[in-house]
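Worksheet: one structure, shown below.
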Amino acid sequence: MEKWIHLMIQTEQDQEGYEEILSRYPPEKVIMFCPEHIMKSKKEKLNEKLESLIKKHEGIFVETIIPSISNEKYTNEITTGSFPFELLYNFINTIKLEFPDILDTPIEERKIVFCASSGARLYSSLLYSLSLVIGAEIITLDRQLLDGNFNSSLETQEWIKEGMTLVKNSKKELSLLLRNTLRHFLISIAKKSRYKSYSDPDSLYWLEAKDFTDSNHLPEASGHKTIGSGIEKGLIESDESQIKNEEKRYRLTSKGWMVALNLIRESFSNGLDYEIAKKKQSESEIKLSKIRINELQYFNTQKEDFFEGRIMPVKAFKTESNILNALPLSYNLPEVNKVITIFGRQHNDLEKGVFTLEQISDKFEQIDKKTKENFEVSCKEWNGNLKIRDAYAGELFISAKGNLESVFIESSKSIWNKMYTIMGDLGKNMTWSLDITQLDQQQTVITTLFSQLLGLPMTYVIRRKGKGERGLEVKKLNTAARFLVLNVPSFETVLLIEGGLKNKKLISLMAFYAWEEENKKQKNNNQVKSNLSFKEILEKKKAESRNFSVGVDYNTLREWFDNKIESEKIFYGVSEKMDKTPRWNKDLENLGMILCLDTVGKGKKKIFKISGLGKIIARWNLK
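Residue numbers 5 to 627, in our numbering, belong to the letters of the sequence shown in order.
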């Protein structure tokens, strides 16, 4: 019988519905990440029932504490910037300690399961992103309270892992023409949306074979071989027209959207709309490709030419006496030019799907008039505020439940279309971001996936006062708004963790990590004693700084690291010497793994230190 590693986040709620999870995925170990405030406050063991279930299924229960999300911590740029990485480090470190051989197992064979249905959004989004990278099976547990009892529905989102496998292997498994074909779907939708050159909404997402003939980087006239390959791999699907002699139409599947979003992110990063075969590459082709991609660009390469837009989930529910919860959260975020709103409102009788406000109001009318009234009041308050700020950019309602494959397709289509429709209306390119604070559990799975694959920056807002995400009172603090906005590590960042770095680049990173660890060790060993005079303290600190500093130039680092005893170097997972030239530093700096602090001396030597991201990648690669 196959055994599974389970990744879970502790909540204040009872662990309902896990009997089915453990039955479907027999546990080897269950790692429960428990926020420290829950650990401190729980009067009785919340996990007692779960532990007995795990033992029943012959599994091992592991509870590990992670830092709580508390506004008391966020008083400067350092604490705000480092906290999400601290959380990610905790997740990675625990997984690595409990399963030291995990990187040696092919990703397709890793028996890991993550339940994406619990925990605060910051916790669940981070662990979800990591789970995608390390090859976990994603499951959702939809709990509904009926007649005082929980009714749980477990769904395995197999399409996500299958899609992620294709995303990671696209360069190996998909031809250049097929990769460009997938890009072309998104480029076509964006162009039609931006210039409103479509007859009906449905025609946006379907292409005929003849629509792939406007570039020599796409299949030839019929394109049957390339399109057939896409269909075979489950990336493209066709529809048979009822009209005789009518051309077949093609559109992206869920896995097709996943791969296409990741490929278009690469296109924007490289500044080229399509991949160009090396043998056919010319200066004129590259120039033309860059012009075309600039027309669709959403990455901020030239700030003055860009507007800013935000995709903002909102829980459309309010009490009579209070303003809508989303409004004070939005005031903490930087002002943007336009906001696309994703409304959500969980209801047992509401079907899954993506709806306009008119459609969802009609559905609430048939289900519950009070819910409809409250929903419409919430929408009016939110949209009214946006219109006053001249930031309104439309909205949609996402009801995410059950098997989320179709909801992911529809939401991806809708968000992508709205992004470029707004850009067309303004006549300007825009930088887009996503705030995850008010995503519901199921929305997190599809919306985070869309944004991470596309490379959209994501934020999470800490409350200044009132009630937190789980209904707990938040201590009121006079903290500057900018210190309450956390930047969530990107999917590209998390991908580096699983893939790691190779050869000399990894050796250089490990050397910076070793220097940092040695620095910390020295500081701990040379704690200033309380009986020293102020003058003695200053002299001691000066001496320490001369002996060991936070930053280091490459040659000093290389000499120091290569002279370390062999056993120490093996601990850091390397045995070779560092490169004699600092050529890898530029790559590490571009990846955000080391930071240039200063230049010193006549030769303008650069002084570097390892970044928070660099520490995470280094720790993941430790033997």
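A virtual CB, placed ideally from N, CA and C, is assigned to each residue, including glycine.
- The beta carbon of G459 sits closer than 8 Å to the beta carbons of R269, F272, S273, F303, S494, F495 and E496 from its chain, once the five residues preceding and following it are set aside; these are given in chain order.
- DSSP lists L256 as the beta-bridge partner residues of I240.
- The C-beta of H228 has fewer than 16 other C-beta atoms within 10 Å across all chains shown, which makes the residue exposed.
- The DSSP-derived three-state label of N387 is helix.
- Selection L457, A622 and K405 evaluated against L158 yields K405 as nearest (Cα-Cα).
- Taking the Cα positions, L457 is about 6 Å away from L265.
- In the structure shown, T463 adopts extended strand secondary structure according to DSSP, grouped into three states.
- Sequence-distant Cβ neighbours of N94 in its own chain, meaning closer than 6 Å and more than five residues away, are I70.
- For V318, the enclosing beta strand (DSSP E) begins and ends at F310 to K319.
- Residue burial annotation: Y22 is buried, with at least 16 other C-beta atoms found within 10 angstroms of its C-beta.
- Within the stretch 118 to 205, complete beta strand (DSSP E) segments of at least 3 residues are found at 141 to 150 and 153 to 160, given in chain order.
- The alpha carbon of E90 has as its nearest neighbour, out of V343, T451, I297 and L130, the alpha carbon of L130.
- Annotated as distal: V358 and S293, with beta-carbon spacing of 7 Å or more.
- In this structure G123 is buried. Its beta-carbon is surrounded by 16 or more other beta-carbon atoms within 10 angstroms.
- If you look at I620, you'll find it in the alpha helix (DSSP H) that goes G616 to N625.
- DSSP places K53 in the uninterrupted alpha helix (DSSP H) bounded by E52 to K60.
- Judged by beta-carbon spacing, K508 lies within the 7 Å limit of W588, meaning their Cβ atoms are closer than that value.
- E32 and H61 have their C-alpha atoms some 9 Å from each other.
- A contact between stretches requires three or more CB pairs, one per stretch, nearer than 8 Å, and the stretch 136 to 143 meets this requirement with the stretch 100 to 119.
- Considering only E67, Q442 and M582, the residue with the shortest C-alpha distance to T15 is E67.
- Annotation: E279 to L267 spans about 10 Å, alpha carbon to alpha carbon.
- Of the residues assessed, E362 falls on the exposed side of the cut-off, its CB having fewer than 16 other CB atoms within 10 angstroms.
- Unbroken alpha helix (DSSP H) runs of no fewer than 4 residues, entirely contained in the stretch 263 to 304, are found at 287 to 298, following chain order.
- In this structure Q370 is exposed. Its beta-carbon is surrounded by fewer than 16 other beta-carbon atoms within 10 angstroms.
- When secondary structure is reduced to three states using DSSP, H351 falls in the coil class, being assigned neither helix nor strand.
- In summary, D439 is buried, with 16 or more beta-carbon neighbours lying within 10 Å of its beta-carbon over all protein chains present.
- Straight-line measurement puts the Cα of D215 at about 45 Å from the Cα of I96.
- Leaving aside the five residues that flank D591 on each side, the residues in its chain whose CB is nearer than 8 Å to its CB run, in chain order, K509.
- The closest CA to that of I402, considering only Y396, D394, F412 and A395, is found on F412.
- Apart from sequence neighbours up to five positions away, the residues of its chain that approach T160 with a beta-carbon distance below 7 Å are E141 and I143, ordered along the chain.
- Nearest to A213 by alpha-carbon distance, out of T585, F379 and G232, is G232.
- Secondary structure at T68: strand, using DSSP grouped into helix, strand and coil.
- G555: not part of any beta strand (DSSP E); DSSP gives it neither H nor E.
- The Cβ atoms of T425 and S197 sit closer than 7 Å to each other.
- When secondary structure is reduced to three states using DSSP, G232 falls in the helix class.
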